[in-house]
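Chemist: Residue numbers (this note's numbering): 1 to 172.
The structure that follows is given in the form of structure tokens.
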Amino acid sequence: PDGGTLLLLAESGTRHLAREAAEATARELRAMLARLDAGVGRYDADGVLRRANPAFGRLIGLPEGMVVENQPFRALLEAQRDAGELPAATVDAIEHRVVREEARAGVEWRFERTRPVGTTIRFVNRPLPEGGWQAEVTDITAERQAEQEASRRAALHVALIEALPVGVAVYG
């Protein structure tokens, strides 16, 4: 009441070190995600994108900077439609299937699609305990091309064997 000084000393070193360690870990994790070839996106229970790495947007055919946090799944579908990646009629169906049915079912689901540029991408969507899902997108073009080449060669071998004028016996 008559004036004076109150001096309060507090130990903040431990909290400061813990915060620095957490920030360093977060930087490392962001750097790891940024270097992945696969795309990773995390959606909440309402179908709103909460996090994504740079490859996510690139693999689904969206320009850099288009995929940002807090963006609704439908907005990403519409952007893909506008970029020519999806037929217009499929936006409603995809949104309903993914957000209303598959994510709420609480089971992992997968699907593939071939983009207009010819690449084939695989989606693996895993439900999250708190609702929503994590989407992983991988370019499987090389895998599909190898499968097609193997099928073509197998068909060629069968055609050659069937065209031979003599019988063929395989022992093994």
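The C-beta atom is built at its ideal place from N, Cα and C for all residues, glycine as well.
(1) If we count the other Cβ atoms within 10 Å of its Cβ and call it buried at 16 or more, is L160 buried or exposed?
(2) Rounded to a whole number of angstroms, what is the C-alpha to C-alpha distance between E28 and A52?
(3) Secondary structure at T120, three-state DSSP: helix, strand or coil?
(4) How far does the beta strand (DSSP E) with A135 in it extend, from its first residue to its last?
(5) Can you list, in chain order, the residues of its chain whose CB lies under 6 Å from that of G124, leaving out five sequence neighbours each side?
(6) If you measure between the beta carbons of A45 and G131, is that distance less than 7 Å?
(7) According to DSSP, what are the bridge partners of A52?
(8) For the ligand ATP, I want to know if T120 counts as a neighbour, meaning its beta carbon is within less than 6 Å of at least one of the ligand's heavy atoms.
(9) Is the beta carbon of A103 closer than 7 Å to that of W133?
(10) In this structure, does DSSP put T5 in helix, strand or coil?
(11) D139: which of E147, S151, R122 and A154 sits nearest, CA to CA?
(12) Applying the 10 Å Cβ sphere with the 16-neighbour rule, what's the burial state of Y171?
(13) Is it a yes or a no for the region 52 to 63 touching the region 35 to 43, going by three-plus beta-carbon pairs under 8 Å?
(14) Does the CB of E102 have a neighbour CB from chain B at under 7 Å?
(15) With DSSP run on the structure shown, which of helix, strand or coil describes R110?
(16) Let me check understanding here. Comparing Cα to Cα, which of A83, Q80 and R74 lies closest to V98?
Modeler: So, from the data block:
(1) The sequence position of residue 160 within the sequence shown is 160, counting from 1. With fewer than 16 other Cβ atoms within 10 Å, it is exposed.
(2) Against the sequence shown, residue 28 aligns to sequence position 28. Against the sequence shown, residue 52 aligns to sequence position 52. Those two C-alpha atoms are separated by around 15 Å.
(3) Numbered from its first residue, the sequence shown carries residue 120 at position 120. Correct three-state label for T120: strand.
(4) The residue labelled residue 135 in the question sits at position 135 within the sequence shown. Here the beta strand (DSSP E) through A135 covers W133 to D139.
(5) For this step, residue 124 is matched to residue 124 along the sequence shown. A small fix is needed here, since residue 124 is Val in this sequence, not Gly. Within the same chain, V124 has close Cβ partners R110 and E136.
(6) Reading the sequence shown from its first residue, position 45 is the one you call residue 45. Reading the sequence shown from its first residue, position 131 is the one you call residue 131. A contact, by the Cβ cut-off of 7 Å.
(7) Here the question's residue 52 lines up with position 52 in the sequence shown. DSSP output for A52 lists G41 as bridge partner(s).
(8) Among the ligands in the structure shown, none appear at all, so the ligand ATP cannot be discussed.
(9) In the sequence shown, the residue the question calls residue 133 occupies position 133. In the sequence shown, the residue the question calls residue 103 occupies position 103. Cβ atoms of W133 and A103: closer than 7 Å.
(10) Numbered from 1 along the sequence shown, position 5 holds the residue referred to as residue 5. If DSSP states are grouped into helix, strand and coil, T5 belongs with coil.
(11) Within the sequence shown, residue 139 is the residue found at index 139, counting from 1. Of E147, S151, R122 and A154, the residue nearest in Cα terms is R122.
(12) Start at 1 with the first residue of the sequence shown, and residue 171 comes out as number 171. That one is exposed.
(13) yes
(14) Looking for chain B here will not work: only one protein chain is present.
(15) By one-based count along the sequence shown, residue 110 stands at place 110. Residue state, collapsed to three classes: strand.
(16) Residue numbering aside, residue 98 sits at position 98 when the sequence shown is read from its first letter. Comparing Cα positions, the closest option is R74.
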